[in-house]
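Please read the structure below before turning to the comments.
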Amino acid sequence: MKIAQVSKEKKVSIDSLRYYERIGLLPPVKRIAGSTRDYSEQDLRWLDLVIAVRSAGLSLEPLIDYVQLCGAGSHTVPARRDLWVDECDLLEEKIQALQATLAQLRGKADHYEALLKGEN
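Residues in the sequence shown are numbered from 1 upward in steps of one, following UniProt numbering.
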């Protein structure tokens, strides 16, 4: 799949796709006709992971490490597992913080709803 089609389907700019590959978030994408990128299904799965990590607000550096670990071979499986365990822990902390914020904001909304109903 060419870069323009990937950009459209995944809603990621072409510049971002090139950047992700340049900094190591994506393994090198196969080229056809010299310089045209040809994204495989595996490349698209990598991109889906990048999109998920970004949307969760997690740091991209561990993902770069992960790409390098995967390229280094199967002896890095324990390190890959540890990386994702750590990222899951960070995400759980973020979720707990967001839930606390949500509860606080709902409390505010409920307070003003009660005021509007004259319940004090």
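Quick reminder that beta carbons are idealized off the backbone N, C-alpha and C, glycines included.
Check whether the Cβ atoms of residue i and residue j lie closer than 7 angstroms to each other.
{"i": "R37", "j": "V29", "result": "yes"}
{"i": "G24", "j": "I64", "result": "yes"}
{"i": "L91", "j": "A52", "result": "no"}
{"i": "L58", "j": "E87", "result": "yes"}
{"i": "A66", "j": "L83", "result": "Correcting the residue identity first, residue 66 is Tyr in this sequence and not Ala. Their beta carbons are under 7 angstroms apart, which means Y66 touches L83 by this criterion."}
By how many angstroms is the C-alpha of residue j removed from the C-alpha of residue i?
{"i": "H75", "j": "E93", "result": "30 angstroms"}
{"i": "L102", "j": "Y20", "result": "32 angstroms"}
{"i": "P62", "j": "V77", "result": "14 angstroms"}
{"i": "E119", "j": "I95", "result": "32 angstroms"}
{"i": "E113", "j": "A100", "result": "20 angstroms"}
{"i": "R45", "j": "K10", "result": "11 angstroms"}
{"i": "S35", "j": "Q104", "result": "52 angstroms"}
Assuming the contact rule is C-beta atoms closer than 8 angstroms, residue i and residue j should be a hit. Round their C-beta distance to whole Å, please.
{"i": "D43", "j": "L26", "result": "7 angstroms"}
{"i": "Y39", "j": "V6", "result": "5 angstroms"}
Whose C-beta lies closer than 6 angstroms to the C-beta of residue i among residues of the same chain, with five residues either side of it excluded?
{"i": "M1", "result": "Y39"}
Return the chain-ordered list of same chain residues with a C-beta closer than 7 angstroms to the C-beta of residue i, the five sequence neighbours on each side being excluded.
{"i": "G71", "result": "P27"}
{"i": "D15", "result": "none"}
Residues in the same chain with beta-carbon distance under 8 angstroms from residue i, minus the five sequence neighbours each way, listed in chain order, please.
{"i": "R80", "result": "Y66, L69, C70"}
{"i": "R31", "result": "R37, D38"}
So, is residue i buried or exposed, given that buried needs 16 or more other C-beta atoms within 10 angstroms?
{"i": "L98", "result": "exposed"}
{"i": "L17", "result": "buried"}
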